[in-house]
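Numbering (my numbering), first residue to last: 502 to 869.
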Ligand code: UD1
């Protein structure tokens, strides 16, 4: 019997994680009827639509249009709308990815409707509950029937929390499936020409509430970036949250005057891949970019006190630098002097994670 599998995406980092699964289901038309739901957590073209195009994602079967709001508002809106959809058109399995509010909201709705839940990128823990994503990860994994993991540390975290071994499947990293599929296309992007980058450069992204919502923390990070940009041109595609805060705190106009900073709108997947692959260094607070730089072999300085992706430090090119001016500048200097981390690609980050997930679902079919 065909399984109706409802795949839920909502925010930018979800799109590259669902993209490799859709064609994989289609290889088994007698077994799967995939459905794609977009919650609308991210809605700007440059946060959503352009990713659908570049990642060759099909048009969503349904768009819930929830938009922005407080955490509770956003989570509640996804829950109300998704419950209506799943009540009208029942699912045999709900697949959620990553750790955004849409992920947790969809997992709760499915579990309450007694629909099995699969969580892709399960088990990651920063052990920092002030981080909204950590709450999303804990709740989602507690409800999941299938925990698909990217690294052995995630398996261990789940086992410590009492998740039975039978629910944990180490399958690798679906986001890296997408990266490997689109790397060649990304390297052809003319983004460097458009941004007038003809030599070495650094690539910056910042959007975590803990970094950009506090005026003092943001000022400290910016003061470090100012030192770095005097030595190395920096490209900084600013997330809408960050743009809002830079304006609100009165830093926006000053940044326009920095000679070596290209402060631009959010960029697409292929441009981002091209910049990450060619950058001398990446400075970021993103989760996904810590993993992508590890695979691309680019040194990454993560502007956070902790990470839920420790394998990027132990095996990859990632270094945690926190938010202090001195540490960020010192580690950036280290890389500029040619002493950046190299590292290796973790096990199963090989372009075949989606294939393993679908195989696992075929072998351990959810009960109808
Ligand atoms: C969300 C995720 C975060 C992820 C990030 C990637 C949660 C808790 N957080 O954070 O894990 O790393 O996405 O981007 O789910 N906005 C727009 N246009 C958009 C989307 C957002 O202007 O298309 C603005 C709104 O002002 C909104 C703010 O950005 O209030 C924040 O958006 P939101 O979805 O709440 O969280 P992110 O910071 O994007």
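All C-beta atoms in this analysis are idealised placements derived from N, C-alpha and C, irrespective of residue type, glycine included.
- By the CB criterion at 8 Å, residue 583 and residue 516 fall outside the cutoff.
- Residue 827 counts as exposed, since fewer than 16 other C-beta atoms from the protein chains shown sit within 10 angstroms of its C-beta.
- With contacts defined as CB atoms closer than 8 Å, residue 632 and residue 792 fail to qualify as a contacting pair.
- Rounded to the nearest whole angstrom, the C-alpha separation of residue 630 and residue 636 is 6 Å.
- The criterion of a C-beta distance shorter than 8 Å is satisfied by residue 772 and residue 690.
- Rounded to whole angstroms, residue 531 and residue 864 show a C-alpha spacing of 14 Å.
- Looking from the CA of residue 656, the closest CA among 546, 620, 708 and 574 belongs to 620.
- Counting C-beta pairs with one atom in each stretch, the stretch 660 to 676 and the stretch 842 to 859 have three or more that are closer than 8 Å, which means they touch.
- The beta carbon of residue 641 sits closer than 8 Å to the beta carbons of 597, 600, 604, 605, 608, 618, 620 and 623 from its chain, once the five residues preceding and following it are set aside; these are given in chain order.
- A Cβ-Cβ separation of about 7 Å places residue 511 in contact with residue 539 under the 8 Å criterion.
- Per DSSP, residue 810 lies in no alpha helix (DSSP H) and is assigned neither H nor E.
- Between the stretch 774 to 793 and the stretch 704 to 714 there are three or more inter-stretch CB-CB distances shorter than 8 Å, so the stretches are counted as touching.
- Distances taken from the Cβ of residue 634 to the heavy atoms of the ligand UD1 include one shorter than 7 Å.
- In the DSSP assignment, residue 534 forms a beta bridge with 505.
- Residue pairing by DSSP places residue 703 opposite 735 and 782 in a beta bridge.
- Remark: the C-beta of residue 791 is outside contact range of the ligand UD1, defined as less than 7 Å to any heavy atom.
- In this structure, the CA atom of residue 768 is about 7 Å from the CA atom of residue 547.
- Residue pairing by DSSP places residue 619 opposite 596 and 647 in a beta bridge.
- Taking 8 Å as the cut-off, the Cβ atoms of residue 726 and residue 735 count as close.
- In the three-state scheme derived from DSSP, where H, G and I count as helix and E and B as strand, residue 826 is classed as helix.
- With contacts defined by Cβ atoms closer than 8 Å, residue 556 and residue 770 form a contacting pair.
- At the C-beta level, residue 738 and residue 766 come within 8 Å of one another.
- At least one heavy atom of the ligand UD1 lies less than 7 Å from the C-beta of residue 549.
- Of the candidates 789, 807 and 615, 807 places its Cα closest to the Cα of residue 626.
- Spanning the alpha carbons of residue 742 and residue 502 requires a straight line of approximately 45 Å.
- Exclusion of the five residues before and after residue 867 leaves 593, 594 and 617 as the residues of its chain whose Cβ lies within less than 6 Å of its Cβ.
- Shown here for residue 579: same chain residues with a beta carbon closer than 6 Å to its own, the five before and five after excluded, namely 540, 567, 603 and 606 in chain order.
- DSSP places residue 671 inside the beta strand (DSSP E), whose first and last residues are 669 to 671.
- When the beta-carbon positions are compared, residue 830 and residue 729 come within less than 8 Å of each other.
- Here the distance from the Cβ of residue 544 to the nearest heavy atom of the ligand UD1 is below 7 Å.
- Residue 526 is not a Cβ neighbour of residue 509, given a cutoff of 8 Å.
- For residue 809 and residue 543, the gap between their C-alpha atoms comes out near 23 Å.
- For residue 665, the shortest C-beta to heavy atom distance toward the ligand UD1 is 7 Å or greater.
- Counting the other Cβ atoms within 10 Å of the Cβ of residue 796 gives 16 or more, which makes it buried.
- For residue 583, there is no enclosing beta strand (DSSP E); the enclosing alpha helix (DSSP H) has its first and last residue at 572 to 589.
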